[in-house]
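Working notes, structure below.
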């Protein structure tokens with residue numbers, strides 16, 4: 170960890186002063202929220218309880234005892250309220266950071282805490298026979314970022330796309346296709362044809378209740394292997410998968426497995442037998458349920474009165490299969506917050522069965538994506554096709570490139586990377602539980618705290634390297650990096666490994682996004698105030714070394730989010 174040697178020095182001196190264990194202090198040290206409050210901070214609340222004094226008294230005591238310390242790597246320490254704040258010596262900080270980043274490159278921040286243990290990440294999971302809308306993007310982007318975050322920490326990540334390829338909606342699609350569809354429609358434009366059929370079914374069903382009854386009958390036939398129903402379902406699935414894979418290619422996202430709900434169709438009876446053997450099921454209003462009322466979780470529905478299975482049955486089968494197949498240390502479900510009760514029920518059932526891995530199951534919820542202040546709904550047809558969003562973003566990016574840098578070699582490729590980056594970053598620029606009000610002018614803006622801003626900063630750093638025009642030597646005089654803005658950039662670089670760990674702890678890609686924005690802003694402030702390439706060769710080499718470290722970390726962070734770090738813009 171990059172800050173280890175600094176934390177070790179602080180911990181040792183405080184432990185000696187207070188007569189406590191070094192490890193007890195080390196674990197309490199944290200990054201302050203405000204840079205003005207130092208580079209590392211010690212909150213004194215835990216120590217105050219142990220020593221039966223107020224946190225402010227403990228902070229003042231520590232600060233006084235440390236005032237006589239001959240620091241090697243730290244500049245000084247000061248008490249502010251219940252905190253003791255510590256400040257790095259710039260040359261020591263620069264030497265440590267630069268040597269580490271230049272030695273391992275994008276490996277800076279890598280850790281082995283995962284020890285190749287398996288983390289399953291269930292994400293994206295769009296519904297077959299429905300369009301890939303902007304609403305699906307959030308799970309896709311968050312899940313992909315978490316995959317890269319945990320991979321960086323030494324876990325073996327397994328990305329699973331749990332396709333919505335089973336359920337009553339397929340009975341509806343079969344009915345809609347037979348009523349209003351044709352093979353010609355599907356061949357001409359399968360995605361829009363299936364979408365139009367689905368929305369038409371729901372419009373017509375408002376005045377024709379017989380359609381819903383027939384849809385339920387068709388799904389029962391599908392579950393029991395009716396050849397004609399299976400053939401239609403398979404056709405819908407093939408068309409949808411081709412479209413989904415095209416979208417994933419545009420986003421640069423890959424999965425290790427595509428195992429949808431239908432994969433567990435022959436595994437549900439085993440789950441139901443286990444639940445029956447454990448005396449956990451009962452019949453309520455003709456449906457098979459697990460009663461979770463005593464846990465304030467209502468009833469977990471397993472089968473309808475018509476014997477059709479439900480999401481919970483398939484998810485339970487999925488959990489049992491995944492644990493047996495992968496023996497995961499954690500299994501993450503990146504699914505909207507609207508499904509929170511569902512996952513609480515399913516996880517509780519796993520616990521009641523007696524499986525000790527119930528606490529390894531984690532729902533990673535996120536807020537709504539709204540369009541023009543309305544929640545998107547496939548049934549109502551109120552949905553934005555993701556491909557349209559990317560196309561508009563790409564076209565806007567192309568126009569900006571033609572205006573600012575028409576001589577760029579690969580205009581189309583650059584516009585694609587900027588357009589996709591803008592759309593992806595919009596999903597991680599706020600905390601995942603916060604709703605996103607999707608507006609074209611916001612999502613496609615190329616100013617402010619956006620993906621294109623980060624890409625442009627990276628391109629500027631690459632341009633600096635080309636302008637410098639030579640290799641940076643290994644021997645650098647770090648004492649030349651003494652400007653306040655240089656210290657700020659170095660401090661930001663130092664935080665990268667901890668921000669990765671924080672993002673993993675919180676299952677929150679926003680931590681990475683906000684960190685990258687802060688790093689880019691620190692660099693751009695520095696760049697505006699100071700010349701990097703000067704007449705002083707030693708100073709130029711020191712500053713270029715610093716800039717190259719920013720480039721390396723910025724590129725790595727962008728890749729974690731799924732955004733291409735461009736070299737020219």
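Numbering (our numbering), first residue to last: 170 to 738. Quick reminder that beta carbons are idealized off the backbone N, C-alpha and C, glycines included.
- For residue 686, the closest alpha carbon among the candidates 398, 293, 601, 623 is that of 623.
- CA-CA distance, residue 653 to residue 661, rounds to 13 Å.
- Note on geometry: alpha-carbon atoms of residue 231 and residue 186 lie some 7 Å from one another.
- When the beta-carbon positions are compared, residue 620 and residue 587 come within less than 9 Å of each other.
- Listed in chain order, the beta strand (DSSP E) runs fully inside the segment 302–339 are 325–330, counting runs of at least 3 residues.
- The straight-line gap separating the alpha-carbon atoms of residue 574 and residue 691 is approximately 25 Å.
- Runs of alpha helix (DSSP H) with 4 or more residues, each lying fully within the segment 461–495, are found at 480–495, listed in chain order.
- Here residue 188 is exposed. Its C-beta has fewer than 16 other C-beta atoms within 10 Å.
- Here DSSP, grouped into helix, strand and coil, assigns residue 450 to strand.
- Rounded to whole angstroms, the separation of the alpha carbons of residue 219 and residue 506 is 39 Å.
- DSSP, read as helix, strand or coil, puts residue 501 in strand.
- Of the candidates 731, 317, 603, 521, 521 places its Cα closest to the Cα of residue 448.
- Straight across, the Cα-Cα distance linking residue 402 with residue 715 is about 57 Å.
- Contact fails between the segment 361–374 and the segment 417–435, because fewer than three Cβ pairs, one in each stretch, are under 8 Å apart.
- Residue pairing by DSSP places residue 532 opposite 502 in a beta bridge.
- For a cut-off of 8 Å, the C-beta gap from residue 628 to residue 557 is around 27 Å, too long to register as a contact.
- For residue 414, the uninterrupted alpha helix (DSSP H) segment begins and ends at 396–420.
- Looking at the DSSP output, residue 243 bridges to 257.
- Residue 269 carries a helical assignment under DSSP once its states are collapsed to helix, strand and coil.
- Contact holds between the segment 293–306 and the segment 398–413, because three or more Cβ pairs, one in each stretch, are under 8 Å apart.
- In the same chain as residue 319, and ignoring 5 residues on each side of it, the C-beta atoms closer than 7 Å to its own belong to 283, 288, 326, 673, in chain order.
- Positions of the alpha helix (DSSP H) runs, each at least 4 residues long and wholly inside the segment 655–701, are given as 665–675, 679–698 in order along the chain.
- Fewer than three beta-carbon pairs drawn from the segment 464–475 and the segment 421–436 are found closer than 8 Å, and the two stretches are therefore not classed as touching.
- Counted as a single uninterrupted DSSP element, the alpha helix (DSSP H) harbouring residue 224 occupies residues 224–235.
- Residue 584 counts as buried, since no fewer than 16 other beta carbons sit within 10 angstroms of its beta carbon.
- By the C-beta criterion, the segment 350–362 is judged not to be in contact with the segment 487–499, since fewer than 3 inter-stretch pairs fall below 8 Å.
- Exposed is the label assigned to residue 604, since fewer than 16 other Cβ atoms lie within 10 Å of its Cβ.
- A Cβ-Cβ distance of about 28 Å is found for the pair residue 677 and residue 563, leaving them out of contact under the 8 Å criterion.
- Residue 374 sits away from residue 437, with the two beta carbons spaced by 9 Å or more.
- Counting only residues of its own chain and dropping the five nearest sequence neighbours on each side, residue 648 has a CB closer than 8 Å to the CB of 260.
- Assigned with DSSP and collapsed to three states, residue 289 falls in strand.
- Assignment of residue 605 by DSSP, reduced to helix, strand and coil, places it in the strand class.
- DSSP places residue 347 within a helical segment (H, G or I) once states are collapsed to three.
- Rounded to the nearest whole angstrom, the C-alpha separation of residue 561 and residue 290 is 30 Å.
- A contact between stretches requires three or more CB pairs, one per stretch, nearer than 8 Å, and the segment 716–734 meets this requirement with the segment 629–637.
- With contacts defined by Cβ atoms closer than 9 Å, residue 503 and residue 529 do not form a contacting pair.
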